[in-house]
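2 protein chains.
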Amino acid sequence: MEVMKRNEPALMMYAASEYDSNLYYAVKFSVPDPFPFFQIKGKKIILMSDLELGRSQKQAKVDEVLSYSDWQVKARKAGNDKPGVADVTAYFLKSNKIKTIQVPDNFNLGLADALRKRGIKVESKTDPFFEERVYKSKEEVRMITQSLRYTETAIHKLEDLLRKSKIKGKFVHYGGQKVTSELLKKVLNVSMMEDNCIGSHTIVASGNLGCDPHNTGTGPVWANQSLIVDVFPRSADTFYYADITRTFVKGKASPALKAQYEAVKVAQERGIDMVAPGVNGRAVHQTIQWDMENRGYFTEKRNGTMVGFFHGTGHGLGLDVHEPPRVNSSDHVLKKGEVVTVEPGLYYPGVGAVRIEDLLVVTDKGHQNLTVYPKKLEIS
Amino acid sequence: MEVMKRNEPALMMYAASEYDSNLYYAVKFSVPDPFPFFQIKGKKIILMSDLELGRSQKQAKVDEVLSYSDWQVKARKAGNDKPGVADVTAYFLKSNKIKTIQVPDNFNLGLADALRKRGIKVESKTDPFFEERVYKSKEEVRMITQSLRYTETAIHKLEDLLRKSKIKGKFVHYGGQKVTSELLKKVLNVSMMEDNCIGSHTIVASGNLGCDPHNTGTGPVWANQSLIVDVFPRSADTFYYADITRTFVKGKASPALKAQYEAVKVAQERGIDMVAPGVNGRAVHQTIQWDMENRGYFTEKRNGTMVGFFHGTGHGLGLDVHEPPRVNSSDHVLKKGEVVTVEPGLYYPGVGAVRIEDLLVVTDKGHQNLTVYPKKLEIS
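Chains as they are written, first to last, in my numbering: chain A, 1 to 380; chain B, 381 to 760.
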């Protein structure tokens, strides 16, 4: 094992671990400003500013915390007039006899070019940068599930509000006011914040707005029309995401919308049933596609806009809301420990938008559906 | 003007505008997944996935929205078997007779190297990528001020809770329970979320914990000791940040802590008074340093930990919480429209931590302090 580690390439990252998931994964410590990270012969080393030195010595899960300003002084003594990040880190690498580093694809290009000028060979590696990040531990699944429960709590509050609402004319009313996407997003985001989960880009899209799958929704909620509720917060405690989508109708759905909902629900359940180690994600995606096509739901461009099912079936989730693997037309064999969404949708302006999303972990022999929220279209 | 634009280098970005501020600044449109952006002869062009095509045509502030999958088909016909992002964007650039692109420093290294292999010259540009981003318009100042008002509303709620709290022994109690940093952060973050502002990494640090300036705080709040409250949310409506720090003591501060607070407050006010166009930020920083040193507050390492004033005086703020310019020992002449913080601090474990931060915009002849929250140490 030790020998293997000695043959591993030296790794480097330079980012703010508050925002960069590979770096957070490596150090388990959140910093809002960029700092250099190295992994040399299996040893994790970070160079921290005076501002972060004390905190990182206590909290960072690394082998060594070094003072950035100490290394800046060393680099200056070695002949750099005003040593910047590239000077300091190149000097540090050379002092450790490292000539080649492997960095993530999203490594800062400016810094990479500056290191290359200083004689360091910089090779980028596509995600997953850390292979093991794809396979979630029990503890990681627990943290993801916790984020999901808080999200489900928030959606229950939204559903309660819609249940107590009244239909007046074409719109939904509550407390004498029109219910809007903005109000419902606030209900979700505030509820999640009470559980220290940060909702961002939360989608509550009514009627045809939901037919643009990333439209977050604005304006009044229509009665008797589809309402897409897609919520994917990050826990500010654990940094792990959750992701769930439900589609509701306040009032009565049209027969066409009901049939469309049923098609998505049945196809999703067929897709979910397939999720197991050794199964190709492409097969899951194609089964869902075919299932919906067999019911007459086709994907095509109409008047320049896509209709039907025109996104992937799912994506990996963890410290990023979208991370490897993808469950779509690309070739990927599912493995134990992968956490993926299964979220088919059908979008036909005029009829409405339907998307249903559950979160699954691939287990030894099959999968566990982490989502417990019921799937029911109409709210009376 | 037109001629100038034609001589400008072609720009490219590839990022998720939800997280990348330069890209958001360019397109004023938030997308959670990466997409290619080009600026060619002054014209802004984006290549969008089918998923985002409809929404971006309606919402993105660009000259042209093109279909990524259409260009993928073109790149395939031109001889790429399975065209990836580098194939498609290189083909797009060549079709537009572009051989050299300028990209931000934080451009994805993997993509840059792949474009270079395909014959595109990729040059990175250090921030500010768009010079004009540094100089805030009236509308931008209005949005920043709005985020700040919501933040101040949240801090008022925290102060109210502390006012209603009781001191029992060494700790602060409310509703029969110990008041904790976690509770107070929740009060802040939930209040801000009600105004659609996302608090992240919010700091409420009691006693010696505050002496690590980025320690976000945990555990019970001590009576009669310093409490650092540093809050910097991003509006989910406008995407503009605010940033403010206040230091409180529930109960009575020690004479040493009172004197330390006074030193920071007076130095901060002296620094703020200096802020005007043509003034070097370094002079502001040094004046604050000297002012505090003259009162006997020295900056040094004690037992391996920094004490005193060991961070910069301030930073630019806008679509990023930290952006150019810095107000510190580096050379930067302030200019009209820059929005900067002035936030000196003094940290002495055993006595306590003090930091006071206001947000300023540099005006024609001086500055306007955007912050209205009072500066008062003790809460009885």
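Backbone N, C-alpha and C fix where the C-beta goes; we use that ideal spot for every residue, glycine too.
For clarity, every value in this text was computed on a predicted model and none was experimentally measured.
Three-state class that DSSP yields for residue i in the structure shown
i	result
D430(B)	helix
L739(B)	strand
E382(B)	Here the model assigns E382(B) a pLDDT of 41, short of 50, so the residue's position is not dependable, and the following value carries that caveat. Helix, per DSSP.
E519(B)	helix
V266(A)	helix
G661(B)	helix
H322(A)	coil
T685(B)	strand
P374(A)	coil
G694(B)	strand
Y347(A)	strand
H201(A)	coil
T145(A)	helix
K365(A)	coil
K186(A)	helix
K537(B)	helix
T618(B)	coil
S380(A)	coil
S17(A)	coil
K164(A)	helix
S30(A)	coil
G732(B)	strand
A636(B)	helix
T531(B)	helix
E300(A)	strand
T180(A)	strand
S436(B)	helix
E8(A)	coil
S191(A)	helix
V514(B)	helix
Delimiting residues of the beta strand (DSSP E) encompassing residue i
i	result
F37(A)	F35 to I40
D610(B)	S606 to V611
T89(A)	Looking at the DSSP string, T89(A) is not in any beta strand (DSSP E); the run it does join, the alpha helix (DSSP H), is V85 to S95.
Y554(B)	F551 to Y554
E123(A)	K121 to K125
L714(B)	L714(B) -> no beta strand (DSSP E), and no H or E assigned at all.
F248(A)	I244 to K250
T480(B)	T480 to P484
Rounded distance between the beta-carbons of residue j and residue i, thought under 8 angstroms
i	j	result
N708(B)	H665(B)	5 angstroms
G440(B)	D413(B)	Note that residue 440(B) is Ala in the sequence shown, not Gly. Not confirmed; about 14 angstroms, so no contact.
S401(B)	L697(B)	Contact flag wrong, Cβ pair sits at about 11 angstroms.
Y347(A)	P213(A)	7 angstroms
D127(A)	P324(A)	6 angstroms
I244(A)	T151(A)	6 angstroms
G490(B)	D105(A)	3 angstroms
Y753(B)	R626(B)	6 angstroms
V342(A)	Q268(A)	6 angstroms
K501(B)	T480(B)	4 angstroms
E18(A)	V31(A)	6 angstroms
A154(A)	V249(A)	About 19 angstroms separates the two Cβ atoms, so there is no contact after all.
Residue i, enclosing alpha helix (DSSP H) - first and last residue
i	result
A494(B)	L489 to K497
V340(A)	Run containing V340(A): none in the alpha helix (DSSP H); it sits in the beta strand (DSSP E), V339 to V342.
A26(A)	S21 to V27
For the structure I just gave you, are there three or more beta carbon pairs, one from the stretch 29 to 49 of chain A and one from the stretch 62 to 70 of chain A, closer than 8 angstroms?
yes
With a cut-off of 8 angstroms, do at least 3 Cβ pairs link the stretch 229 to 249 of chain A to the stretch 132 to 147 of chain A?
yes
Give a yes or no on contact between the stretch 249 to 260 of chain A and the stretch 357 to 375 of chain A, applying the rule of three or more CB pairs nearer than 8 angstroms.
no
Counting pairs of Cβ atoms below 8 angstroms between the stretch 331 to 349 of chain A and the stretch 449 to 467 of chain B, do you hit three or more?
no
Uninterrupted alpha helix (DSSP H) stretches inside the stretch 440 to 465 of chain B (no shorter than 4 residues)
448 to 457
Count the C-beta pairs between the stretch 207 to 221 of chain A and the stretch 148 to 161 of chain A that are closer than 8 angstroms, then say yes if the count reaches three, no if not.
no
Cβ contact (3+ pairs, closer than 8 angstroms) linking the stretch 549 to 557 of chain B and the stretch 163 to 170 of chain A
no
May I ask you to verify whether the stretch 220 to 233 of chain A touches the stretch 184 to 204 of chain A, counting CB pairs closer than 8 angstroms and requiring at least 3?
yes
Mind the definition here: the stretch 651 to 666 of chain B touches the stretch 470 to 483 of chain B only if three or more C-beta pairs lie below 8 angstroms; say whether that holds.
no
Contact the stretch 429 to 439 of chain B vs the stretch 461 to 470 of chain B: 3+ CB pairs below 8 angstroms:
no
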